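Residues in the sequence shown are numbered consecutively from 3, following our numbering. Data first, discussion second: the structure below is written as structure tokens.
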Amino acid sequence: MTKEQRIHAFAELGKQLLNPSSEFSEIMTRAETRNSWYTVSNVQNAVTAIANNLTTEQLSNWLAPYPDITTDKTVGMVLAGNIPLVGFNDILCVLIAGFKAQIKVSSDDAGLTSAVLQLLITIEPRFSDAIHIAERLSDFDLVIATGSDNSSRYFEYYFGKKPHIIRKNRNSVAVISGSETKEQLEGLGHDIFDYFGLGCRSVSKILIPKDYDVAHLFEGIASFEAIQHHNKYVNNYDYNKSLYLINRDKHYDNGFVLLKQDTRTASPLAVVFYEEYDNIADVENYLNKHAEQIQCVTSALDLQVNVPLFALGDSQCPALDDYADGVNTLEFLFANA
Numbered sequence: 003m004t005k006e007q008r009i010h011a012f013a014e015l016g017k018q019l020l021n022p023s024s025e026f027s028e029i030m031t032r033a034e035t036r037n038s039w040y041t042v043s044n045v046q047n048a049v050t051a052i053a054n055n056l057t058t059e060q061l062s063n064w065l066a067p068y069p070d071i072t073t074d075k076t077v078g079m080v081l082a083g084n085i086p087l088v089g090f091n092d093i094l095c096v097l098i099a100g101f102k103a104q105i106k107v108s109s110d111d112a113g114l115t116s117a118v119l120q121l122l123i124t125i126e127p128r129f130s131d132a133i134h135i136a137e138r139l140s141d142f143d144l145v146i147a148t149g150s151d152n153s154s155r156y157f158e159y160y161f162g163k164k165p166h167i168i169r170k171n172r173n174s175v176a177v178i179s180g181s182e183t184k185e186q187l188e189g190l191g192h193d194i195f196d197y198f199g200l201g202c203r204s205v206s207k208i209l210i211p212k213d214y215d216v217a218h219l220f221e222g223i224a225s226f227e228a229i230q231h232h233n234k235y236v237n238n239y240d241y242n243k244s245l246y247l248i249n250r251d252k253h254y255d256n257g258f259v260l261l262k263q264d265t266r267t268a269s270p271l272a273v274v275f276y277e278e279y280d281n282i283a284d285v286e287n288y289l290n291k292h293a294e295q296i297q298c299v300t301s302a303l304d305l306q307v308n309v310p311l312f313a314l315g316d317s318q319c320p321a322l323d324d325y326a327d328g329v330n331t332l333e334f335l336f337a338n339a
């Protein structure tokens, strides 16, 4: 296939994902029975975010700097499953660049990745020779593996001799000035609560100005209170609340999320950490110092930082070139073609 043919196939995939067949809609609906974190709304949000990037114009502009190549090389892929279709951008990069993909999906995947790839093969049957879902990776030339800090050590051991991208835990940080509108704070609510806060782009920490009234934040995110009706989420909320009460840890509580002052970046589920700041220079220094732990920053402020910056509410809608961990996947692939 040529680059143009691959672009055409993925653009058609985008159209079909935005207007899914009854069969694919049923797969999206059934995902929640296999993984209760994959609610219908979360699956639909993930599919829509992916599909919105799959237009001929966006794909063509994204690929314009790269050559049209044909390679027999296979990329072994270990996908995470923390949120629906979290590994799709990596798969897109591999296939649209002309490589073969040998994919180990997460046990949490609920069949979504296979369903999307089957749809792609139906659109362009020649992709069938380039896609292999595997229980165990073998005979690959490059590796892209995503997991926890613990699993990344195993990945380094097993895959370290091959050209590789190995991703570890990251979280995202919001910065608020105190001048945000209610709509902007509601956007921050999406950054915190979409996918239950399980994604690397989910905000787990907020930097707030000293003497900021937390009531403004809680008022802005009040519309997300329905999250407390999700059994697994509320179990985490109840557990962490009990822990803080027993230990007499100072925290704020609005009934469905806990806000706790903490220097760490990664917070437990149903908890958002915060730190106070005196001036924006301190904020920028903090973010640059911790850039290796941060996937992205979401804020209404024009911050000068070495971390991808998104408007409040946009952290879960990355563009094609908003690569995870700041590693350009296409450049990696073409450098090892």
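Glycine is no exception: its CB is placed at the ideal position from the N, C-alpha and C atoms. Source: prediction; values computed, not measured.
Give the C-beta separation of residue i and residue j to the nearest angstrom, bearing in mind that I take them to be a contact with Cβ-Cβ under 8 Å.
| i | j | result |
| --- | --- | --- |
| F258 | Q230 | 4 Å |
| I123 | I105 | The Cβ separation is near 13 Å, so there is no contact. |
| F161 | G149 | No, F161 and G149 are not in contact; Cβ-Cβ is about 11 Å, not under 8 Å. |
| L56 | L15 | 6 Å |
| S108 | A82 | 6 Å |
| V329 | I135 | Not confirmed; about 24 Å, so no contact. |
Nearest to residue i by CA position, among the options, is which residue?
| i | options | result |
| --- | --- | --- |
| N54 | Y68, W39, F12 and S27 | F12 |
| Q318 | I282, I133 and S204 | S204 |
| I1 | R8, V77 and Q186 | Since the first residue shown for the chain is 3 and the last is 339, residue 1 is missing from the structure and cannot be characterised. |
| Y197 | Q46, F161, I167 and D70 | Q46 |
| Y239 | A217, S225, K262 and E221 | K262 |
| P310 | A302, L322 and I296 | I296 |
| G100 | T72, P320 and S140 | T72 |
| D324 | E34, W64, S38 and P22 | W64 |
| G222 | N44, V77 and I194 | I194 |
| A224 | L139, Y288, G189 and H232 | G189 |
| C95 | I133, Y159 and A33 | I133 |
| S140 | K102, K170 and L121 | K102 |
| L121 | K17, A283 and K5 | K17 |
Cα separation between residue i and residue j?
| i | j | result |
| --- | --- | --- |
| F142 | E333 | 18 Å |
| K75 | L335 | 10 Å |
| Y246 | F90 | 37 Å |
| P270 | N242 | 8 Å |
| V49 | A339 | 29 Å |
| G191 | L19 | 26 Å |
| S153 | F129 | 30 Å |
| P165 | V145 | 6 Å |
| N21 | M79 | 28 Å |
| D280 | L314 | 21 Å |
| T58 | H10 | 7 Å |
| N249 | Y235 | 21 Å |
| Y159 | V216 | 45 Å |
| L119 | H292 | 36 Å |
| L61 | L322 | 8 Å |
| N237 | R32 | 23 Å |
| K163 | A337 | 16 Å |
| K115 | A283 | First, the residue type needs correcting, since residue 115 is Thr and not Lys in the sequence shown. Approximately 42 Å, taken between the alpha carbons. |
| I98 | K5 | 7 Å |
| E182 | N256 | 19 Å |
| D70 | D131 | 18 Å |
| R138 | H218 | 50 Å |
Tell me which residues share the same chain as residue i and place their Cβ nearer than 6 Å to its Cβ, disregarding the 5 neighbours each side in the sequence.
| i | result |
| --- | --- |
| K207 | V175, T267 and F275 |
| G180 | P211 and Y214 |
| I85 | Y197, L200 and G201 |
| N372 | No answer is possible for residue 372: the residues shown for the chain start at 3 and end at 339. |
| K170 | D151 and S154 |
| E227 | F258 |
| D327 | R169 |
Run through DSSP, which three-state label would residue i get?
| i | result |
| --- | --- |
| K163 | coil |
| Y68 | coil |
| G78 | strand |
| D284 | helix |
| E294 | helix |
| E227 | helix |
| V216 | helix |
| T35 | helix |
| K184 | helix |
| V88 | coil |
| T255 | Correcting the residue type first, residue 255 is Asp in the shown sequence and not Thr. In this structure, D255 counts as strand in the three-state DSSP scheme. |
| S154 | helix |
| P211 | strand |
| F101 | coil |
| S108 | coil |
| R8 | helix |
Give me, in chain order, the residues of the same chain whose beta-carbon lies closer than 7 Å to that of residue i; leave out the 5 immediate sequence neighbours on both sides.
| i | result |
| --- | --- |
| A117 | F26 and I29 |
| V177 | L209, V285, V299, S301, L303 and L305 |
| V307 | E286, L289, N290 and V299 |
| E277 | L209, Q263 and T265 |
| D251 | K262 |
Can you list, in chain order, the residues of its chain whose CB lies under 8 Å from that of residue i, leaving out five sequence neighbours each side?
| i | result |
| --- | --- |
| R36 | A112 and G113 |
| L260 | Y239, N242, K243, Y246, H253, Y254, A272, V273 and V274 |
| T41 | E34 and H232 |
| V77 | V96, F101, K102, A103, Q104, F142, D143, L144, V145, I146 and L335 |
| K184 | E221 and G222 |
Can you confirm whether residue i, when its beta carbon is compared against all beta carbons of chain C, has any partner nearer than 8 Å?
| i | result |
| --- | --- |
| N238 | Absent from the structure: chain C. Only one protein chain is present. |
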